[in-house]
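**Student:**
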Amino acid sequence: MNSPLWIWQQPDWPHFQWQSDALAPLLRSCVEMQGRLLGKIGSIDAISECENILDTLLQNIVTSSAIEGEQLNVGSVRSSLARRLGIHEQGATTARSEGLAELMLDATRGYDQPLTLQRLFTWHHWLFPAAEEGLSKAVLVGQLRDETTMQVISGRLDKPTVHFQAPPRDALEEQVAAFLDWFASSRHATHLDPLLRAGVAHFWFVTLHPFDDGNGRLTRAITDLALAQAEQQAIRFYAMSASILEDRAGYYQILENSQKDGLDITRWLTWFLETLLRSLEQALLNIDRILTKARFWHVHRAHGLLPEQVKVLNRLLDGGPRGFEEGINAAQYQAVAKVSKATATRHLTDLLDKACLARLPGGGRSTRYRINTQDISST
8 MNSPLWIWQQ
18 PDWPHFQWQS
28 DALAPLLRSC
38 VEMQGRLLGK
48 IGSIDAISEC
58 ENILDTLLQN
68 IVTSSAIEGE
78 QLNVGSVRSS
88 LARRLGIHEQ
98 GATTARSEGL
108 AELMLDATRG
118 YDQPLTLQRL
128 FTWHHWLFPA
138 AEEGLSKAVL
148 VGQLRDETTM
158 QVISGRLDKP
168 TVHFQAPPRD
178 ALEEQVAAFL
188 DWFASSRHAT
198 HLDPLLRAGV
208 AHFWFVTLHP
218 FDDGNGRLTR
228 AITDLALAQA
238 EQQAIRFYAM
248 SASILEDRAG
258 YYQILENSQK
268 DGLDITRWLT
278 WFLETLLRSL
288 EQALLNIDRI
298 LTKARFWHVH
308 RAHGLLPEQV
318 KVLNRLLDGG
328 PRGFEEGINA
338 AQYQAVAKVS
348 KATATRHLTD
358 LLDKACLARL
368 PGGGRSTRYR
378 INTQDISST
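Take 8 as the starting number for the sequence shown in my numbering and just add one per residue.
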């Protein structure tokens with residue numbers, strides 16, 4: 008007899024299983040990294056903490072939409088988040104950005120509130136605000152999907168590839184209710200690790216696909232909620248969606264494979280924990296960078312640096328794709344600081360004299376400079 012095509016057609020659905028021994032090393036690594044991250048948070052000053060929270064939430068919102076192929080107006084979303092976090096930033100907002108900010112903050116700050124069907128409906132309204140214009144198609148907002156068969160397909164119209172088909176509509180209320188009951192009862196279950204619970208919740212909800220649109224983004228909001236519950240705090244310092252986006256193809260592939268398989272979801276949970284671990288590792292690097300920046304300015308704040316010098320130093324300290332990880336040369340300093348070539352050379356010499364920068368090997372026009380972090384770790 009042929010086995011059922013979709014996981015929700017399995018006789019014991021949704022009684023998931025997994026191989027605990029196989030997951031144990033990854034789970035330990037995630038818990039250890041999570042502990043290190045939470046342990047360092049207390050060392051960050053209030054202003055840096057607030058800015059980092061804003062950056063993390065913004066990254067989570069933008070990348071969650073990017074996973075679905077939607078490019079958001081980053082400035083609008085940042086302004087909507089900043090206002091809610093009490094950060095004064097200039098910028099226009101839209102109904103879309105306001106809704107996305109509400110959704111993210113409700114999912115994280117409201118981690119102690121029960122996840123109900125009405126709360127999901129509210130999230131869905133925020134995801135598709137009525138005032139928004141330009142939707143490519145009508146979306147059933149704030150209600151479960153209709154009787155139309157829900158499929159994820161690709162390829163030619165005459166020969167489509169069906170990657171996934173969701174459970175039928177006729178029993179969807181009962182299916183969603185079962186998920187919500189489990190989400191509530193499993194929160195304090197001693198036999199289920201909170202991080203595994205987040206992985207199970209992600210897979211279960213996205214497999215139900217209960218809405219006409221926005222299921223992936225709501226799934227990742229539920230994941231953020233489950234992770235906030237695991238840590239017992241609303242403060243977010245890592246963006247799980249950003250790590251998922253880095254392996255977007257792998258994300259869709261592991262979902263498809265697992266949704267066509269049996270109820271043992273070990274492979275999915277392995278991918279989930281590996282992705283979570285990368286997210287935690289990146290967050291730890293960001294925290295270390297923030298702490299390094301704070302120590303650097305503690306040492307050099309009284310050195311009478313010019314605004315242009317401060318701008319370049321902060322760019323170097325912030326790192327990332329725009330942070331000149333390989334060091335900065337005179338021409339790049341000139342471009343960032345918007346000064347003349349002669350002024351750039353004079354500024355760099357001054358920064359060397361004040362031990363703000365260190366010269367990297369090489370000379371002449373290729374001379375590059377990096378932030379001098381020597382000895383600041385002990386201050």
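All C-beta atoms in this analysis are idealised placements derived from N, C-alpha and C, irrespective of residue type, glycine included. Model, not experiment: these values are computed from the prediction.
Take L151 as the anchor and find which of P175, T356, P167 has the nearest alpha-carbon.
**Tutor:** As a working mapping, residue 151 is identified with position 144 in the sequence shown. Ranking P175, T356, P167 by Cα distance to L151 puts P175 first.
**Student:** Assess contact between the segment 63 to 82 and the segment 311 to 323, defined as three or more Cβ pairs (one per stretch) separated by less than 8 Å. Is contact present?
**Tutor:** Touching, no.
**Student:** Does R224 come out as helix, strand or coil in the three-state DSSP assignment?
**Tutor:** Locating residue 224 in the sequence shown gives position 217, counting from the first residue. Reduced to three states, the DSSP call for R224 is helix.
**Student:** Please return the same chain residues whose Cβ sits closer than 6 Å to the Cβ of S250, not counting the five positions on each side in sequence.
**Tutor:** The sequence position of residue 250 within the sequence shown is 243, counting from 1. Cβ within range, chain order: T282, R285, S286.
**Student:** Strictly by DSSP, which residues pair up with D7?
**Tutor:** The first residue shown for the chain is 8 and the last is 386, placing residue 7 beyond what the model contains.
**Student:** Suppose you measure from the CA of A148 to the CA of E39; what does that come to, to the nearest Å?
**Tutor:** Looking up residue 148 in the sequence shown gives position 141. Looking up residue 39 in the sequence shown gives position 32. Ala is not the amino acid found at residue 148; the sequence shown has Val there. Straight-line Cα distance between these residues: approximately 40 Å.
**Student:** Run the CB neighbour count on E105, radius 10 Å, all protein chains shown included, and call it buried at 16 or more, exposed below.
**Tutor:** Along the sequence shown, read from residue 1 onward, the residue named residue 105 stands at position 98. When all chains shown are included, E105 counts as buried.
**Student:** Nearest by alpha-carbon distance to I229: which of F186, L359, L33 is it?
**Tutor:** Reading the sequence shown from its first residue, position 222 is the one you call residue 229. The shortest Cα separation from I229 among F186, L359, L33 belongs to F186.
**Student:** What is the rounded straight-line gap between the Cα of R243 and the Cα of C37?
**Tutor:** Position 236 of the sequence shown, counted from the start, is the residue given in the question as residue 243. Position 30 of the sequence shown, counted from the start, is the residue given in the question as residue 37. Cα to Cα, R243 sits roughly 16 Å from C37.
**Student:** Tell whether a beta-carbon distance below 7 Å holds between R194 and Q236.
**Tutor:** As a position in the sequence shown, residue 194 is number 187, starting the count at 1. As a position in the sequence shown, residue 236 is number 229, starting the count at 1. Yes, these two residues count as a Cβ contact at 7 Å.
**Student:** Which whole runs of the beta strand (DSSP E) in the segment 128 to 177 are 3 residues long or more, in chain order?
**Tutor:** Taking only runs of at least 3 residues, the beta strand (DSSP E) segments lying wholly in the segment 128 to 177 are 158 to 162, 167 to 172.
**Student:** Where does Y340 sit, in a helix, a strand or coil, going by DSSP?
**Tutor:** Translated into the one-based positions of the sequence shown, residue 340 becomes position 333. Three-state DSSP puts Y340 in a helix.
**Student:** If you draw a straight line from the alpha carbon of S143 to that of E75, how long is it in whole angstroms?
**Tutor:** Residue 143 sits at position 136 when you count from the first residue of the sequence shown. Residue 75 sits at position 68 when you count from the first residue of the sequence shown. Because S143 sits at a pLDDT of 46, beneath the cut-off of 50, its placement in the model cannot be relied upon, and the point is left open.
**Student:** Reducing DSSP to helix, strand and coil, say where R377 ends up.
**Tutor:** Here residue 377 corresponds to residue number 370 of the sequence shown, with the count starting at 1. In the structure shown, R377 sits in a strand (DSSP, three-state: E or B).
**Student:** Quickly, what does DSSP pair R366 with across the bridge? List them, please.
**Tutor:** Locating residue 366 in the sequence shown gives position 359, where the first residue counts as 1. Paired residues: Y376.
**Student:** Is the Cβ-Cβ distance between R227 and S71 less than 7 Å?
**Tutor:** Taking the first residue of the sequence shown as position 1, residue 227 is located at position 220. Taking the first residue of the sequence shown as position 1, residue 71 is located at position 64. Against a cut-off of 7 Å, the Cβ pair of S71 and R227 comes out as a contact.
**Student:** Within its chain, find whatever has a CB closer than 8 Å to the CB of P136; leave out the 5 residues flanking it on each side and keep chain order.
**Tutor:** On the sequence shown, residue 136 is found 129 positions in, with the first residue counted as 1. Excluding positions up to five away in sequence, the list reads A102, R103, E105, G106.
**Student:** Looking only at C-alpha atoms, which of D28, R35, N67, L12 sits nearest to A290?
**Tutor:** Position 283 of the sequence shown holds residue 290. Closest option to A290, Cα to Cα, is N67.
**Student:** Any idea what DSSP makes of I335, helix, strand or coil?
**Tutor:** If you number the sequence shown from 1, residue 335 lands on position 328. Correct three-state label for I335: strand.
**Student:** For the structure I just gave you, are there three or more beta carbon pairs, one from the segment 11 to 27 and one from the segment 43 to 53, closer than 8 Å?
**Tutor:** Counting Cβ pairs under 8 Å, fewer than three are found: no touch.
**Student:** Between which two residues does the alpha helix (DSSP H) carrying Y259 extend?
**Tutor:** Counting from 1 along the sequence shown, the entry for residue 259 is found at position 252. Where Y259 is concerned, the enclosing alpha helix (DSSP H) stretches over 255 to 266.
**Student:** Would you decide whether N264 is buried or exposed? Buried here means 16 or more other CB atoms lie within 10 Å of its CB.
**Tutor:** As a first step, residue 264 is located in the sequence shown; it is residue number 257 there, counting from the start. It counts as exposed.
**Student:** Considering just the uninterrupted stretch of the alpha helix (DSSP H) at G76, what are its terminal residues?
**Tutor:** On the sequence shown, position 69 is the one that residue 76 refers to. From DSSP, G76 is part of no alpha helix (DSSP H); its letter is neither H nor E.
**Student:** What separation, rounded to the nearest whole angstrom, lies between the Cα atoms of Q172 and F128?
**Tutor:** Locating residue 172 in the sequence shown gives position 165, counting from the first residue. Locating residue 128 in the sequence shown gives position 121, counting from the first residue. Looking at the two C-alpha atoms, the distance is approximately 22 Å.
**Student:** Around the Cβ of P368, are there at least 16 other Cβ atoms within 10 angstroms (buried) or fewer (exposed)?
**Tutor:** Translated into positions along the sequence shown, residue 368 becomes position 361. Exposed, by the Cβ-count rule.
**Student:** What is the DSSP secondary structure of H198, counted as helix, strand or coil?
**Tutor:** The residue given as residue 198 occupies position 191 in the sequence shown. Here H198 sits in coil by DSSP.
**Student:** Along the chain, where does the alpha helix (DSSP H) containing V317 start, and where does it finish?
**Tutor:** For the purposes of this step, residue 317 is identified with residue 310 of the sequence shown, where counting begins at 1. Here the alpha helix (DSSP H) through V317 covers 314 to 325.
**Student:** Under 7 Å, do R296 and G326 count as touching if we go by C-beta distance?
**Tutor:** Translated into the one-based positions of the sequence shown, residue 296 becomes position 289. Translated into the one-based positions of the sequence shown, residue 326 becomes position 319. Yes. Within cutoff.
**Student:** Would you report the Cα separation of T380 and T299, rounded to the nearest angstrom?
**Tutor:** As a first step, residue 380 must be located in the sequence shown, where it is residue number 373. As a first step, residue 299 must be located in the sequence shown, where it is residue number 292. In a straight line, the C-alpha of T380 is about 8 Å away from that of T299.
**Student:** Of all the options K166, E253, S86, I60, which has the alpha carbon lying nearest to the alpha carbon of R116?
**Tutor:** On the sequence shown, position 109 is the one that residue 116 refers to. That would be I60, whose Cα lies nearest to the Cα of R116.
**Student:** Going by beta-carbon coordinates alone, are R377 and A365 separated by less than 7 Å?
**Tutor:** Counted from its first residue, the sequence shown places residue 377 at position 370. Counted from its first residue, the sequence shown places residue 365 at position 358. Yes, these two residues count as a Cβ contact at 7 Å.
**Student:** Please tell me whether R85 and A108 are closer than 7 Å, where the distance is taken between their beta carbons.
**Tutor:** Residue numbering aside, residue 85 sits at position 78 when the sequence shown is read from its first letter. Residue numbering aside, residue 108 sits at position 101 when the sequence shown is read from its first letter. Not in contact: R85 and A108 (Cβ atoms no closer than 7 Å).
**Student:** Using a Cβ-Cβ cut-off of 8 Å (strictly less than) and excluding sequence neighbours within five positions of T374, which residues of its own chain qualify?
**Tutor:** By one-based count along the sequence shown, residue 374 stands at place 367. Once the five neighbours on either side are set aside, the close Cβ partners of T374 are N336, A337, R366, L367.
**Student:** By the 10 Å Cβ neighbour count, where 16 or more other Cβ atoms means buried, how is H388 classified, buried or exposed?
**Tutor:** Any question about residue 388 goes unanswered here, given that the chain covers just 8 to 386.
**Student:** Could you check where the alpha helix (DSSP H) with F218 kicks off and where it finishes?
**Tutor:** Here the question's residue 218 lines up with position 211 in the sequence shown. Unbroken run through F218: none, as it is neither H nor E.
**Student:** Give the single residue among W130, G162, G311, A53 whose Cα lies nearest to the Cα of I94.
**Tutor:** To locate residue 94, count along the sequence shown from 1; it is residue 87. When only C-alpha atoms are compared, the closest one is A53.
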